[in-house]
Amino acid sequence: MNVEAISRKKLTISWLNGGEVNLDGGAMFGVVPKPLWSKRYPPNDLNQVKTSTDPILIQKDGFHILVDAGIGKGRFTEKQKRNYGVTKESFVKEELEKLNLSTADIDFVIMTHLHFDHATGLTKNRNGIEIPFFENAIIIVSEVEWYEMKQPNIRSRNTYWEKNWKPIQDKVRTFVDEIEVIPGLKMIHTGGHSAGHSIVIVNHENEMFVHLADILPTHAHENVLWVTAYDDYPLQTISEKQKWKDFILKHDAWILFYHDYKYRAIKWDETGNLIDSIKRKG
10 MNVEAISRKK LTISWLNGGE VNLDGGAMFG VVPKPLWSKR YPPNDLNQVK TSTDPILIQK
70 DGFHILVDAG IGKGRFTEKQ KRNYGVTKES FVKEELEKLN LSTADIDFVI MTHLHFDHAT
130 GLTKNRNGIE IPFFENAIII VSEVEWYEMK QPNIRSRNTY WEKNWKPIQD KVRTFVDEIE
190 VIPGLKMIHT GGHSAGHSIV IVNHENEMFV HLADILPTHA HENVLWVTAY DDYPLQTISE
250 KQKWKDFILK HDAWILFYHD YKYRAIKWDE TGNLIDSIKR KG
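Structure representation (structure tokens):
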């Protein structure tokens, strides 16, 4: 089995291959000069940076919970593949099968936000009809994010796609400030990257795992001022990143990544030095 995972008693956190996009490095690092960010996150010849879209499967106390959904398979036009640098599509179904699971076994899909690189794997086309990919899952997202998904503005309509929300609308459960999905696992609304952006915190037997999603998309965004040009509210991102970085250090928590090309999970010390990590295998 090649699926990468953190295993504890009654808890397994696994990363599933949800696809890969290669986004413009300037957009991913905003106003940070390329000579600085490129030392930490190497670009290709097109100035794009490798950005995985790998859902995080949390198996805790008998529940199967997926954090975000990847980019799906067969969901992009050839033009979109070129524009977004799509080099791999999703193998979530196949990777679940490696764990003796199916899409029907997922109890919850908890969405940090609904941009296309997180939400396109929520649906699929079968015989010309758009249907949910995870047929039995409840989908949880902040109320603000769900509203904007359905009512995008002139900027956000490029990332909030109708085909990603219409087939699942009967499965969605929203929350305002925070929600405990199951005991020991909660989502907290932060804003910043998008108005409805949320993070995920897992507490398990005196150990903590935190997924800051796109307010900390990669290890190279450790500096609180390094935010993406995709952030709708960058000052909010900076504020929330500082707040939750302090929280993570205080609780000696693991940081989990969805987008990072190099790491699945890391721990930092107070000076930003890496003290522990789980690297990607490929």
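According to our numbering, the sequence shown is numbered sequentially starting from 10.
Here a beta-carbon is modelled for each residue, glycine too, at the ideal position from N, C-alpha and C.
Through-space distance from residue j to residue i, alpha-carbon basis
{"i": "residue 102", "j": "residue 112", "result": "6 Å"}
{"i": "residue 180", "j": "residue 141", "result": "9 Å"}
{"i": "residue 5", "j": "residue 100", "result": "Nothing can be reported for residue 5: it is not among the residues displayed for the chain, which extend from 10 to 291."}
{"i": "residue 223", "j": "residue 245", "result": "12 Å"}
{"i": "residue 190", "j": "residue 54", "result": "42 Å"}
{"i": "residue 10", "j": "residue 217", "result": "Low confidence applies here, because residue 10 scores a pLDDT of 36, under 50, leaving its location unreliable; read the following figure in that light. Residue 10 and residue 217: Cα-Cα distance of roughly 26 Å."}
{"i": "residue 210", "j": "residue 21", "result": "14 Å"}
{"i": "residue 120", "j": "residue 42", "result": "31 Å"}
{"i": "residue 27", "j": "residue 202", "result": "21 Å"}
{"i": "residue 14", "j": "residue 197", "result": "24 Å"}
{"i": "residue 212", "j": "residue 260", "result": "10 Å"}
{"i": "residue 33", "j": "residue 107", "result": "33 Å"}
{"i": "residue 239", "j": "residue 70", "result": "36 Å"}
{"i": "residue 257", "j": "residue 49", "result": "22 Å"}
{"i": "residue 137", "j": "residue 17", "result": "42 Å"}
{"i": "residue 143", "j": "residue 36", "result": "31 Å"}
{"i": "residue 45", "j": "residue 192", "result": "41 Å"}
{"i": "residue 153", "j": "residue 79", "result": "21 Å"}
{"i": "residue 93", "j": "residue 31", "result": "6 Å"}
{"i": "residue 39", "j": "residue 276", "result": "24 Å"}
{"i": "residue 91", "j": "residue 187", "result": "37 Å"}
{"i": "residue 243", "j": "residue 98", "result": "29 Å"}
{"i": "residue 230", "j": "residue 81", "result": "26 Å"}
{"i": "residue 3", "j": "residue 274", "result": "Examination of residue 3 is not possible in this model, given that the chain is present from 10 through 291 alone."}
{"i": "residue 279", "j": "residue 250", "result": "14 Å"}
{"i": "residue 204", "j": "residue 236", "result": "15 Å"}
{"i": "residue 214", "j": "residue 19", "result": "10 Å"}
{"i": "residue 124", "j": "residue 57", "result": "19 Å"}
Opposing strand residues paired with residue i [DSSP bridges]
{"i": "residue 133", "result": "140"}
{"i": "residue 72", "result": "69"}
{"i": "residue 150", "result": "183"}
{"i": "residue 31", "result": "59"}
{"i": "residue 14", "result": "23"}
{"i": "residue 52", "result": "58"}
{"i": "residue 285", "result": "276"}
{"i": "residue 97", "result": "29"}
Contact test: residue i Cβ vs the ligand ATP heavy atom, cutoff 7 Å
{"i": "residue 146", "result": "The ligand ATP is not among the ligands present in this structure, which contains no ligands whatsoever."}
Reference residue i, options the options, closest by Cα
{"i": "residue 266", "options": "236, 76, 85, 46", "result": "76"}
{"i": "residue 234", "options": "85, 248, 257", "result": "248"}
{"i": "residue 118", "options": "85, 22, 164, 73", "result": "73"}
{"i": "residue 292", "options": "192, 208, 193", "result": "The requested residue 292 is not part of the displayed model; the chain covers only 10 to 291."}
{"i": "residue 232", "options": "260, 281, 37", "result": "281"}
{"i": "residue 289", "options": "23, 151, 147", "result": "23"}
{"i": "residue 194", "options": "283, 251, 18, 68", "result": "68"}
{"i": "residue 269", "options": "255, 286, 262, 279", "result": "286"}
{"i": "residue 182", "options": "214, 148, 164, 168", "result": "148"}
{"i": "residue 184", "options": "255, 151, 205", "result": "151"}
{"i": "residue 165", "options": "178, 83, 122", "result": "122"}
{"i": "residue 163", "options": "177, 79, 241", "result": "241"}
{"i": "residue 96", "options": "105, 255, 83", "result": "83"}
{"i": "residue 228", "options": "186, 263, 214", "result": "263"}
{"i": "residue 133", "options": "177, 114, 90", "result": "177"}
{"i": "residue 145", "options": "153, 187, 116", "result": "116"}
{"i": "residue 252", "options": "98, 219, 125", "result": "219"}
{"i": "residue 51", "options": "283, 271, 278", "result": "271"}
{"i": "residue 221", "options": "215, 214, 255", "result": "255"}
Residue i at chain D interface by Cβ criterion, 8 Å
{"i": "residue 118", "result": "Annotation note: the requested chain D is absent from the structure, which comprises a single protein chain."}
Quiz item: For the 8 Å Cβ check, are there 3 or more pairs between the region 158-170 and the region 50-65?
Solution: The region 158-170 vs the region 50-65: no contact.
Item to check | Whole beta strand (DSSP E) elements within the region 164-245, 3-residue minimum | outcome: List check, beta strand (DSSP E) in window: 181-184, 187-191, 194-198, 207-213, 216-220.
Next on the checklist: Ignoring anything shorter than 3 residues, give me the beta strand (DSSP E) runs that lie fully in the region 246-281, in order along the chain.
Outcome noted: Unbroken beta strand (DSSP E) runs of no fewer than 3 residues, entirely contained in the region 246-281, are found at 263-265, 272-277, following chain order.
Quick one: complete beta strand (DSSP E) runs, 3+ long, within the region 104-132? Listed in chain order, they are 117-119.
At a cut of 8 Å, does the region 159-175 reach the region 129-137 through at least three beta carbon pairs?
Between the region 159-175 and the region 129-137 there are three or more inter-stretch CB-CB distances shorter than 8 Å, so the stretches are counted as touching.
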